Amino acid sequence: MRPEPGDLLRIDGRASVQFAGGCALTFRVVSVCDRPTYAGWVWLTGYVINRRGNATAKREIYVQLAGLRRATAPLDGSPAPRCIRFPNRLPRCPCSPAQAR
Numbered sequence: 016m017r018p019e020p021g022d023l024l025r026i027d028g029r030a031s032v033q034f035a036g037g038c039a040l041t042f043r044v045v046s047v048c049d050r051p052t053y054a055g056w057v058w059l060t061g062y063v064i065n066r067r068g069n070a071t072a073k074r075e076i077y078v079q080l081a082g083l084r085r086a087t088a089p090l091d092g093s094p095a096p097r098c099i100r101f102p103n104r105l106p107r108c109p110c111s112p113a114q115a116r
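The numbering used here numbers the first residue of the sequence shown as 16 and each following residue consecutively.
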């Protein structure tokens, strides 16, 4: 299977050994890299999706095409979000020196 942006995939040990066992994840594809790799492998950029269908982390992963599987919808039945909102600025770390404004 060749993934496309918007696809919801189950990434497990069949896709790459680093996702075997308890390290499997559900992944919403944002982009598929077109740079050359080993035959049958691909770089994907996307979001890790939790059981509620919320994006929890943006990641770039290197996986085998033959090991990719489509995921089922999130457990609560709502569609996974297509747009993620992030705060305009990150909170200042309490241990960092004050920055000039």
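Glycine included, each C-beta is placed from N, C-alpha and C at the ideal position.
Remember, predicted model here, so these are calculated numbers, not experimental data.
- For residue 31, there is no enclosing beta strand (DSSP E), since its DSSP letter is neither H nor E.
- By the neighbour-count criterion, in which 16 or more other beta carbons inside 10 Å mark a residue as buried, residue 18 falls on the buried side.
- Taking 8 Å as the cut-off, the beta carbon of residue 26 is found no closer than this to the beta carbon of residue 35.
- Residue 72 places its beta carbon 8 Å or farther from that of residue 78.
- In the structure shown, the three-state DSSP call for residue 72 is strand.
- Residue 80 and residue 56 have their C-alpha atoms spaced approximately 6 Å apart.
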